[in-house]
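Following: one structure in structure tokens, then a few remarks.
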Amino acid sequence: MRKLMTGNDAAALAAKMAKPQVIAAYPITPQTSIAEKLAAYVAGG
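Per our numbering, the sequence shown starts with residue 141, numbered consecutively.
Printed below as a string of structure tokens:
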């Protein structure tokens, strides 16, 4: 299935799929949405 997403959403999904133990991120423009999406992934399990 194809999914349309932004570049930042794709980066966050790739980070999730890599299953890192630690993600060092600072929410600053233009990558704020990456940190927000990663936080949502962590909260969602």
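Ideal Cβ placement from N, Cα and C applies to all residues, glycine included.
Asked                                                                                     : Found
When D149, L144 and K143 are compared against S173, the one with the closest alpha-carbon : D149
Coil, strand or helix - T189 by DSSP                                                      : Nothing about residue 189 can be reported from this structure: the residues present for the chain run from 141 to 185 only.
L144: first and last residue of the uninterrupted alpha helix (DSSP H) it sits in         : Element bounds for L144: n/a, residue is neither H nor E.
Cβ-based burial, K159 [other Cβ within 10 Å; buried from 16]                              : exposed
L178 vs K143 beta-carbon contact at 9 Å                                                   : no
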